[in-house]
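In what follows, a structure is listed as structure tokens, so that the remarks can point back to it.
Residue numbers (our numbering), protein chains in the order written: chain A, 1 to 110; chain B, 1001 to 1115.
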């Protein structure tokens, strides 16, 4: 099963782009990368997922490197409400099972 | 999308007792899962709750300690048995509504403290 590595914490100024990196160097070819965030005392909330193409939705963009060994979640204009722990997750191939990484605690500063 | 609720939201229990946590989804989901989140830590998958059959447990988790039921497509329970202070954690359930690997929806969690 692939594992993910994330920096434990990051700060970002309000209104600026937050770029959260994730390393998943052992990911296999058909394993998806998912991003979730967890705001204090709540359950994780889905953000975005991808396989090999870059993805964008109303919340964020996901950039996956060509070799798929790493990815970056981009919050284009961070707000104070984006302060949370962000998890990069690999879904085990052929299953619904998620393997959560340790997460990055993002603090958006006013 | 699916909305997931859990009961209780929190509890304080005595060592040696058991607690059953309920997870209710507002629509049918294909898969349901139970996770544990120890203080300050990430989420660890406990088991997959299978409808009408025994749950599938991850390494390090056993049925005697964490019996799980899933009688239908919208409801599941997790029991934490013979509790010790090491079981103090947040327990979360999740569901996959679409069956197409798009996203899982998580409940708000049950915060358990064992004295």
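From the three backbone atoms N, C-alpha and C, an ideal C-beta is built for every residue, glycine too.
Near residue i, which residues of its chain fall below 7 Å by C-beta distance, leaving aside the five closest residues on each side in sequence?
i                       : result
residue 84 of chain A   : 37, 38, 39 and 106
residue 1017 of chain B : 1083
residue 57 of chain A   : 48
residue 1088 of chain B : 1112, 1113 and 1114
Of all Cβ atoms in chain A, is any one closer than 9 Å to the Cβ of residue i?
i                       : result
residue 1016 of chain B : no
residue 1030 of chain B : yes
residue 1075 of chain B : no
residue 1038 of chain B : no
residue 1051 of chain B : no
residue 1112 of chain B : no
residue 1027 of chain B : no
Under 8 Å Cβ to Cβ from residue i, same chain only, skipping five residues before and after it: list those, please.
i                     : result
residue 54 of chain A : 61, 62, 63 and 64
residue 10 of chain A : 18, 20, 104, 105, 106 and 107
Distance cutoff 9 Å, beta carbons only. Does residue i sit that close to anything in chain B?
i                      : result
residue 21 of chain A  : no
residue 27 of chain A  : no
residue 43 of chain A  : yes
residue 77 of chain A  : no
residue 64 of chain A  : no
residue 49 of chain A  : yes
residue 114 of chain A : One cannot answer for residue 114 of chain A here, as it falls past the ends of chain A, which runs 1 to 110.
residue 3 of chain A   : no
residue 52 of chain A  : no
Where do the N-terminal and C-terminal ends of the beta strand (DSSP E) with residue i fall, by residue?
i                       : result
residue 21 of chain A   : 18–23
residue 1095 of chain B : 1089–1096
residue 1031 of chain B : 1031–1037
residue 95 of chain A   : Per DSSP, residue 95 of chain A belongs to no beta strand (DSSP E) and is neither H nor E.
residue 1111 of chain B : 1110–1114
residue 45 of chain A   : 45–50
How long is the line joining the alpha carbons of residue i and residue j, rounded to whole angstroms?
i                       : j                       : result
residue 26 of chain A   : residue 1090 of chain B : 29 Å
residue 1105 of chain B : residue 1063 of chain B : 24 Å
residue 1047 of chain B : residue 1033 of chain B : 6 Å
residue 75 of chain A   : residue 59 of chain A   : 7 Å
residue 1108 of chain B : residue 1020 of chain B : 16 Å
residue 1080 of chain B : residue 1043 of chain B : 17 Å
residue 1041 of chain B : residue 1007 of chain B : 22 Å
residue 1076 of chain B : residue 71 of chain A   : 34 Å
residue 1086 of chain B : residue 1009 of chain B : 19 Å
Does residue i come within less than 9 Å of chain E when only Cβ atoms are used?
i                       : result
residue 1094 of chain B : No chain E is part of this structure, whose protein chains are labelled A and B.
Whole-angstrom Cβ separation of residue i and residue j, contact assumed at under 8 Å?
i                       : j                       : result
residue 1114 of chain B : residue 1013 of chain B : 5 Å
residue 1027 of chain B : residue 1049 of chain B : Not really, about 16 Å apart at Cβ, beyond 8 Å.
residue 29 of chain A   : residue 77 of chain A   : At roughly 34 Å, the Cβ-Cβ gap does not stay under 8 Å, so residue 29 of chain A and residue 77 of chain A are not in contact.
residue 1045 of chain B : residue 1058 of chain B : 5 Å
Can you find the residues in the same chain that come closer than 6 Å, C-beta to C-beta, to residue i, ignoring five residues on each side of it along the sequence?
i                     : result
residue 69 of chain A : 25
residue 44 of chain A : 36 and 38
residue 5 of chain A  : 23
residue 13 of chain A : 109
At a cut-off of 8 Å, would you count residue i as near the ligand NAD, judging by its Cβ distance to the nearest heavy atom?
i                       : result
residue 1010 of chain B : Although the ligand NAD was asked about, the structure shown includes no ligands whatsoever.
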